[in-house]
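Numbering (this note's numbering), first residue to last: 27 to 202. From the three backbone atoms N, C-alpha and C, an ideal C-beta is built for every residue, glycine too. The structure displayed is predicted, hence computed values, not measured ones.
The following block contains the structure:
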């Protein structure tokens, strides 16, 4: 039964998460935190940070890790397959149709209408992380970590891996 739940937890966001891994992260969070209760919000944010620090698609890394935690090696394989299966099926089934209508104004308009929805989903998830951080470590620590991360990523163009690593060290030293 656990393998079926792992499959559904990653297959459904794979179907609904138009736009790839970043678009499906809030949907995965809903499944693994709210629906199945496999992770807390804090644990999910740590898995997300770890996944962002590693090369490759975020959704498959998260599926592999969470699947492994819940069902071992087979659970990891099921999670990764479930993550890529919707794309694989749709790519095979719709490739010819997409090529035929790729320059259609209606297809371009539909794509432009979906983007704000993805932005809102990512914003809601970010707000959840900020709220959880505020409750867990306080306002000052949340502002310090968020402000330094913004400064390093946006202004100084430091690679995200170093920022995430620095935040982990900061948390280990000052918040443990």
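### Message
When you compare the CB positions of residue 68 and residue 162, do they come within less than 9 Å of one another, or not?
### Response
Along the chain shown, read from residue 1 onward, the residue named residue 68 stands at position 42. Along the chain shown, read from residue 1 onward, the residue named residue 162 stands at position 136. Their beta carbons are under 9 Å apart, which means residue 68 touches residue 162 by this criterion.
### Message
In the DSSP assignment, the alpha helix (DSSP H) including residue 56 goes from what residue to what residue?
### Response
Along the chain shown, read from residue 1 onward, the residue named residue 56 stands at position 30. No alpha helix (DSSP H) holds residue 56; DSSP gives it neither H nor E.
### Query
So is residue 159 buried or exposed if we call it buried at 16+ other beta carbons inside 10 Å?
Locating residue 159 in the chain shown gives position 133, where the first residue counts as 1. Buried.
### Query
Quick one: Cα of residue 108 to Cα of residue 88, how far?
Translated into the one-based positions of the chain shown, residue 108 becomes position 82. Translated into the one-based positions of the chain shown, residue 88 becomes position 62. Going by C-alpha positions, residue 108 is about 12 Å away from residue 88.
### Query
In terms of alpha-carbon separation, which member of 62, 194, 85, 65 lies closest to residue 113?
For the purposes of this step, residue 113 is taken as the residue at position 87 of the chain shown. Looking at the Cα atoms, 85 is the closest of the given residues.
### Query
The alpha helix (DSSP H) with residue 184 in it runs from where to where?
Sequence index remark: in the chain shown, residue 184 carries index 158 (1-based). That residue, residue 184, is in no alpha helix (DSSP H); it is neither H nor E in DSSP.
### Query
Using the C-alpha atoms, what's the distance from residue 174 back to residue 191?
Position 165 of the chain shown, counted from the first residue, corresponds to residue 191. Position 148 of the chain shown, counted from the first residue, corresponds to residue 174. Straight-line measurement puts the Cα of residue 174 at about 13 Å from the Cα of residue 191.
### Query
Looking at C-alpha atoms only, which residue of 63, 141, 184 is the closest neighbour of residue 43?
Locating residue 43 in the chain shown gives position 17, counting from the first residue. Closest by alpha carbon: 141.
#### Entry: Element boundaries [alpha helix (DSSP H), containing residue 75]
Position 49 of the chain shown, counted from the first residue, corresponds to residue 75. First-last of the alpha helix (DSSP H) with residue 75: 67–79.
### Task
Determine the DSSP secondary structure at residue 138, reduced to helix, strand or coil.
Here residue 138 corresponds to residue number 112 of the chain shown, with the count starting at 1. Three-state result, residue 138: helix.
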